[in-house]
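Same order as they appear, the protein sequences are chains E and H. Heads up: the first sequence is residues 1 to 330, going by our numbering. Heads up: the second sequence is residues 331 to 591, going by our numbering. Working notes, beginning with the structure itself.
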Amino acid sequence: MAHAALSVSEPTAPGSRRWMQPRTGGLALLAGVIVLLPLVMRNNYFYEIAILVALNAIVCVGLNLLIGYAGQISLGHAGFFALGGYGSALLAGTAGWPVWASLPFAVAAVGVLALLVGRPTLRLRGHYLAMATLGLGVIVSIVLSTEDKLTGGPDGLSVPPIVLFGWTVQGEHTWYAIVGAALVGTVWLALNLIESPAGRALRALHGSEVAAQTLGIDAARHKLRVFVISAVLAALAGALMAHYAGFITPAKASFMHSVELVIMVVFGGMASVFGAVVGAAVLTTLPQVLTVLKDYEMMVFGAVLIATMVFLPQGIVPSLQRLFALSRRR
Amino acid sequence: MTVLVIENLGKSFGGVRAMQGVSFQVRRGAVHSIIGPNGAGKTTLLNMLTGLYVPDTGRVLLDGRDLTGLGPHQFAAAGVGRTFQNLQVFFNMSALENVMTGRHLREAASLLACLLRTPSRVRAEAACRDHARELLHRVGLDEWADAAADAMPYGALKRLEIARALAAEPSVLLLDEPAAGLNATEAHEIDALIKRLAGEGVTVVLVEHNMRLVMEVSDHLLVLDHGRKLAEGTPDEVSRNPAVIEAYLGVAEPALEASDA
Chain E
1 MAHAALSVSE
11 PTAPGSRRWM
21 QPRTGGLALL
31 AGVIVLLPLV
41 MRNNYFYEIA
51 ILVALNAIVC
61 VGLNLLIGYA
71 GQISLGHAGF
81 FALGGYGSAL
91 LAGTAGWPVW
101 ASLPFAVAAV
111 GVLALLVGRP
121 TLRLRGHYLA
131 MATLGLGVIV
141 SIVLSTEDKL
151 TGGPDGLSVP
161 PIVLFGWTVQ
171 GEHTWYAIVG
181 AALVGTVWLA
191 LNLIESPAGR
201 ALRALHGSEV
211 AAQTLGIDAA
221 RHKLRVFVIS
231 AVLAALAGAL
241 MAHYAGFITP
251 AKASFMHSVE
261 LVIMVVFGGM
271 ASVFGAVVGA
281 AVLTTLPQVL
291 TVLKDYEMMV
301 FGAVLIATMV
311 FLPQGIVPSL
321 QRLFALSRRR
Chain H
331 MTVLVIENLG
341 KSFGGVRAMQ
351 GVSFQVRRGA
361 VHSIIGPNGA
371 GKTTLLNMLT
381 GLYVPDTGRV
391 LLDGRDLTGL
401 GPHQFAAAGV
411 GRTFQNLQVF
421 FNMSALENVM
431 TGRHLREAAS
441 LLACLLRTPS
451 RVRAEAACRD
461 HARELLHRVG
471 LDEWADAAAD
481 AMPYGALKRL
491 EIARALAAEP
501 SVLLLDEPAA
511 GLNATEAHEI
521 DALIKRLAGE
531 GVTVVLVEHN
541 MRLVMEVSDH
551 LLVLDHGRKL
561 AEGTPDEVSR
571 NPAVIEAYLG
581 VAEPALEASD
591 A
């Protein structure tokens, strides 16, 4: 009887501290920053950077689910990003589809592609996915550059704007709102996933694959699902980017871009949704800030990366969380 | 009633025959122990009973269903649960989350429902949490529920693995040396726990070196030696079996006399 009473009262007890939890508190903080940021953004250049940050953050939140939670590395996410962009651009431009159809179709098609690539490779243990995605990224990059009749080649492709019910989506402020909302939505979905049986299954696979399997967790299936989710988010960000910029080039599919995305995830902190956002924000804005250093830009950029990984080895957010927790305990 | 049937299991690793022609049956609700010297094939057998190894010969049947050749997650889905000799705790989670992960097979959660955190998902999550707390209580780990697994002492982790395996509500629970590395008090807690589980109708297959524990909790013993079945029977029968005494228990007075001489 006593125990029954206890279990009834328990679920309500943590509710009083709900705003203290990283989940709701972090989501509110992120939304607050996005809403308040326009107060300090003086011109369109700031908005451009902020939009770029949000799009990279969307990719990184997905990639972080794969790297930080499923323990798999993708070296081809720039390929998915570019395919989302080119796919929607070609369907909307060349084929004349409305964007409300071309964008979801392109994103879904990338999801199917990820499924086809991931299915055979994720059955194997080890980093075969990294190899397969590396190959895929290179192929996408080459095809986009060489199939110039379709893609415009290295010069790139102009992308029609999004038109909804006769209203053309344009202007930095509108795009900032759209992309900001998309980021909050992505973070919300990622946080939901992590605190669900599916998310626990991923963390379990990372903790002990053998034990996870003996609890009925199908390793290949769970890794594949999160790989597809991460590819879909990359494609979504790529498509939004293409329609926002009105232009896309094969450079978006480059291997370097894939590596940059992985660095953002590791820099911000693996297995941390907010880490992915912070990583994307810092590493997207840092080069813009460092341009004042001209020739020394890359040197300082590299030094910042090295210093961060030396002093905050788990990445910015998890390392700072740990320091904060330690200082409170004292 | 028989729940688990093992027929003629054999397994080789390269030139090493880890197991040859072992057959054995497990009755529902009973505690069966597998004993034998190091290298006798006990863990190899457990690995074949959980799908981690595919046997070269023979079959594994659970409730009459042939599971041979299936993957470990399919063995789990069929109703086989286990713990590990060398801990396989999820050190990246809290104790409670470890046990909640054990509920995986009992949670019918679609990916979409997980992503959208639907109201029914929120309720299921709360129920899962309550169930996990209940299990932690059952193995005596209430106060550790919210502790990070990597901050827990060894003895508690051993019991945490048992709670996690129980969370899946397996028809057969395989315990691989649950008392290894524990002190006498902790080992007594484990044997009280096993007796309690048996009393609740859980079928237990126990691999253990602690003979006091084995003799105390087992209904039936299987003795392995060099990958073969050496003997089988009740603890009494087995402890009187001369072959077992020679190969494993090694109590024999003649040996003592010989050393005296």
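Glycine is no exception: its CB is placed at the ideal position from the N, C-alpha and C atoms.
Limits of the unbroken alpha helix (DSSP H) element including residue i
i	result
residue 309(E)	297 to 311
residue 128(E)	128 to 146
residue 373(H)	372 to 379
residue 529(H)	514 to 529
residue 173(E)	172 to 194
residue 53(E)	44 to 64
residue 263(E)	255 to 268
Residue span of the beta strand (DSSP E) that contains residue i, given as start and end
i	result
residue 349(H)	346 to 357
residue 540(H)	Taken as a continuous stretch (DSSP letters only), residue 540(H) belongs to no beta strand (DSSP E), as it is neither H nor E.
residue 506(H)	502 to 506
residue 343(H)	332 to 343
residue 364(H)	361 to 365
residue 412(H)	410 to 412
Contacts that residue i makes with chain H (C-beta to C-beta distance below 8 Å)
i	result
residue 210(E)	382, 402, 414 and 418
Which residues DSSP lists as bridging residue i, in chain order
i	result
residue 561(H)	553(H)
residue 387(H)	340(H)
residue 30(E)	Its beta-bridge partners do not exist; DSSP assigns none.
residue 248(E)	157(E)
residue 167(E)	164(E)
residue 396(H)	391(H)
residue 424(H)	478(H)
residue 533(H)	502(H)
Residue i vs residue j beta-carbon contact at 9 Å
i	j	result
residue 490(H)	residue 425(H)	yes
residue 231(E)	residue 80(E)	yes
residue 222(E)	residue 202(E)	yes
residue 200(E)	residue 448(H)	no
residue 84(E)	residue 234(E)	yes
residue 341(H)	residue 385(H)	yes
residue 204(E)	residue 434(H)	yes
residue 352(H)	residue 388(H)	yes
residue 555(H)	residue 413(H)	no
residue 92(E)	residue 99(E)	yes
residue 305(E)	residue 274(E)	no
residue 213(E)	residue 381(H)	yes
residue 60(E)	residue 224(E)	no
residue 264(E)	residue 318(E)	no
residue 531(H)	residue 359(H)	yes
residue 111(E)	residue 228(E)	yes
residue 400(H)	residue 334(H)	no
residue 301(E)	residue 312(E)	no
residue 82(E)	residue 141(E)	yes
Contacts of residue i in chain E (Cβ-Cβ under 7 Å)
i	result
residue 421(H)	207
residue 434(H)	197, 201, 215, 216 and 217
residue 538(H)	Under the 7 Å cutoff, chain E gives no residues; its nearest Cβ is about 19 Å from residue 538(H).
residue 441(H)	198 and 225
residue 430(H)	200
residue 446(H)	192
Check: residue i C-beta below 8 Å from any heavy atom of the ligand SAH
i	result
residue 222(E)	This structure simply doesn't include the ligand SAH, nor any ligand for that matter.
Minimum Cβ-Cβ distance from residue i to chain E less than 9 Å
i	result
residue 511(H)	no
residue 410(H)	yes
residue 533(H)	no
residue 354(H)	no
residue 455(H)	yes
residue 427(H)	yes
residue 497(H)	yes
residue 494(H)	yes
Within-9 Å CB hit, residue i to chain H
i	result
residue 189(E)	yes
residue 192(E)	yes
residue 235(E)	no
residue 271(E)	yes
residue 15(E)	For residue 15(E), the predicted structure reports a pLDDT of 37, less than 50, and the residue's modelled location is therefore unreliable. The matter cannot be settled from this model.
residue 19(E)	Residue placement at residue 19(E) is poorly supported in this model, since its pLDDT is 46, which falls under 50; the coordinates are not used for a value here.
Neighbour list for residue i in chain E, Cβ cutoff strictly below 8 Å
i	result
residue 451(H)	196
residue 437(H)	197
residue 610(H)	Because chain H in this structure spans residues 331 to 591, residue 610(H) falls outside the shown range and cannot be described.
residue 562(H)	The premise fails here: residue 562(H) is roughly 26 Å from chain E at the closest Cβ pair, so nothing lies under 8 Å.
Chain-ordered neighbours of residue i on chain H, where CB pairs are closer than 7 Å
i	result
residue 204(E)	420 and 431
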